[in-house]
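*Asks:* Numbered per my numbering, the sequence shown spans residues -3 to 241.
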Amino acid sequence: MQKENKKVAIVTGAGGGIGAGISKKLADDGYRVVCVDRNFEAVSRVAAGIEDAIAYQVDVTIETDILNLQSELLKTVGAPTLLVNAAGIFFLHDVVTLTEESFDKIIDVNLKGTFFMCKIFIQDFLVAGSGNIINIASTAGLKSGTNRAVYSASKAAVIVFTRSISADYGPRGIRANCICPGLIDTPMANWIKEDTAKFRAWEKTIPAQRVGTVEDVANAVSFLASDSSSYVYGETLVVDGGGIS
Ligand SMILES: NC(=O)c1ccc[n+]([C@@H]2O[C@H](COP(=O)([O-])OP(=O)(O)OC[C@H]3O[C@@H](n4cnc5c(N)ncnc54)[C@H](O)[C@@H]3O)[C@@H](O)[C@H]2O)c1
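1. Is any non-hydrogen atom of ligand 1 found closer than 7 Å to the C-beta of aspartate 223, if you look at the structure I gave you?
2. So for serine 192, helix, strand or coil by DSSP?
3. Can you tell me whether valine 80 sits near ligand 1, meaning its C-beta is under 7 Å from at least one heavy atom of the ligand?
4. So what does DSSP say about isoleucine 202, is it helix, strand or coil?
5. Between glycine 239 and threonine 201, what straight-line distance do the alpha-carbon atoms span, to the nearest angstrom?
6. Confirm the yes/no value for this check: CB of asparagine 35, any heavy atom of ligand 1, distance under 7 Å.
7. Could you please give me the residues that DSSP links to alanine 51 through a beta bridge?
8. Judging by CA-CA distance, which residue of Val42, Asp120, Glu47 is the nearest neighbour of alanine 63?
9. Skipping 5 residues on each side, what residues in its chain have a beta carbon closer than 8 Å to that of valine 228?
10. Curious, which full-length beta strand (DSSP E) runs of at least 3 residues does the segment 101 to 139 contain?
11. Please determine, among Ala49, Lys3, Asp33, Glu37, the residue with the shortest C-alpha to C-alpha distance to lysine 20.
12. Can you tell me the Cα-Cα spacing of serine 225 and arginine 168, whole angstroms?
13. Under the rule that 16 or more other beta-carbon atoms within 10 Å means buried, what is serine 67, buried or exposed?
14. So is alanine 36 buried or exposed if we call it buried at 16+ other beta carbons inside 10 Å?
15. Residues in its own chain within less than 7 Å of valine 29 by CB, not counting five upstream and five downstream?
16. Is glycine 109 a contact residue of ligand 1, with contact defined as CB to any heavy atom under 7 Å?
17. Per DSSP, arginine 159 is paired with what?
18. Assuming isoleucine 240 is part of the alpha helix (DSSP H), what are its boundary residues?
19. Report yes if the C-beta distance between phenylalanine 117 and valine 146 is below 8 Å; otherwise report no.
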């Protein structure tokens, strides 16, 4: 039985900036949030500040970690109805010098991790006859950018992966959509703020005239999680202050 009949949402990368913001918003929307991250200290801190949230240490690149999470949830809070994949890594790189190991790291977390989470929890959704998946990609997956070729490719792959699972499982009650944030003010984006003048100048180049916040992304997740978006399937929602418009 689900506690107090609350619907259960899983958020990966919940120990980080965007995942934490999404977790808070979904709790406000009435979900019991399962906060998942490979960094247990960070995710425990986030979950402790959210009503009814639970923290789990899961590395999304390890399938057995996720299978353990799935069976643990079935024994405790019940199967999830919503899966938000926000775990991700980013670092600047040059294709010529990027090692195979670093290439694998980016693809493993950003693409394979999203694949494993979807693969396993789609099974619960199929049993229930419904479910909702929201994958956090990036505007990097929609356009060129310097020193991020493999990160961008991983996010482009997440976008088309999401569209494809929407086509495969939409007819069986599962919605899947993507959010593409632009630059969002989290630790992942700290590198760009090192040059304050350049950063302020960049902000003035986009229609919204400011960097994005985790709340901007969380509000988009809240919409895609809600029945207000019940006819939205396989969509890519850009949340970037108009940067690529
Ligand atoms: N911050 C931005 O400007 C921005 C822009 C576009 C897209 N994004 C995407 O949004 C998502 C969240 O980014 P963020 O800014 O909150 O970054 P963040 O670094 O603050 O958080 C990422 C979280 O993912 C976790 N994580 C990394 N590898 C993992 C693994 N193997 N298993 C489980 N957890 C793992 C980290 O521990 C961290 O807590 C990422 O997918 C990122 O690519 C971020």
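No residue lacks a Cβ here, since even glycine has one placed at the ideal position from N, Cα and C. Here the structure is a predicted model, which is why all the values come from computation and not from measurement.
*Replies:* Taking the definition as stated:
1. Taking the first residue of the sequence shown as 1, we reach residue 223 at position 227. No, Cβ of aspartate 223 sits at least 7 Å from all heavy atoms of ligand 1.
2. The residue given as residue 192 occupies position 196 in the sequence shown. The question names serine, but residue 192 in the sequence shown is threonine. DSSP places threonine 192 in helix when its eight states are reduced to three.
3. Position 84 of the sequence shown, counted from the start, is the residue given in the question as residue 80. No; taking the cut-off as 7 Å, the Cβ of valine 80 has no heavy atom of ligand 1 nearer than that.
4. Sequence index remark: in the sequence shown, residue 202 carries index 206 (1-based). In this structure, isoleucine 202 counts as coil in the three-state DSSP scheme.
5. Along the sequence shown, one-based indexing puts residue 239 at 243. Along the sequence shown, one-based indexing puts residue 201 at 205. Between glycine 239 and threonine 201, the C-alpha separation is close to 8 Å.
6. Here the question's residue 35 lines up with position 39 in the sequence shown. Under cutoff, so the answer is yes.
7. Position 55 of the sequence shown holds residue 51. DSSP lists Cys31 as partners of alanine 51.
8. Position 67 of the sequence shown, counted from the start, is the residue given in the question as residue 63. Strictly speaking, residue 63 in this sequence is leucine, with alanine absent from that position. It is Asp120.
9. By one-based count along the sequence shown, residue 228 stands at place 232. Non-local beta-carbon contacts of valine 228 in its own chain, meaning distances under 8 Å to residues more than five positions away in sequence, involve Arg171, Asn173, Leu220 in chain order.
10. 127 to 132
11. The sequence position of residue 20 within the sequence shown is 24, counting from 1. Measuring from the Cα of lysine 20, the nearest candidate turns out to be Ala49.
12. Working through the sequence shown from its first residue, we reach residue 225 at position 229. Working through the sequence shown from its first residue, we reach residue 168 at position 172. Serine 225 and arginine 168: Cα-Cα distance of roughly 17 Å.
13. As a working mapping, residue 67 is identified with position 71 in the sequence shown. So serine 67 ends up on the exposed side.
14. Counting from one through the sequence shown, the residue named residue 36 turns up at place 40. According to the sequence provided, residue 36 is phenylalanine. The question's alanine does not apply to it. Exposed is the call here.
15. Walking along the sequence shown from the start, residue 29 turns up at place 33. Contacts found: Ala5, Val7, Ser19, Leu22, Ala23, Ile46, Ala49.
16. Residue numbering aside, residue 109 sits at position 113 when the sequence shown is read from its first letter. Indeed, a heavy atom of ligand 1 lies less than 7 Å from the Cβ.
17. Start at 1 with the first residue of the sequence shown, and residue 159 comes out as number 163. Partner(s): none; arginine 159 has no beta bridge.
18. Taking the sequence shown and counting its residues from 1, one reaches residue 240 at position 244. Boundaries cannot be given for isoleucine 240, as no alpha helix (DSSP H) includes it and DSSP labels it neither H nor E.
19. Counting from one through the sequence shown, the residue named residue 117 turns up at place 121. Counting from one through the sequence shown, the residue named residue 146 turns up at place 150. No, the Cβ-Cβ distance between phenylalanine 117 and valine 146 is not below 8 Å.
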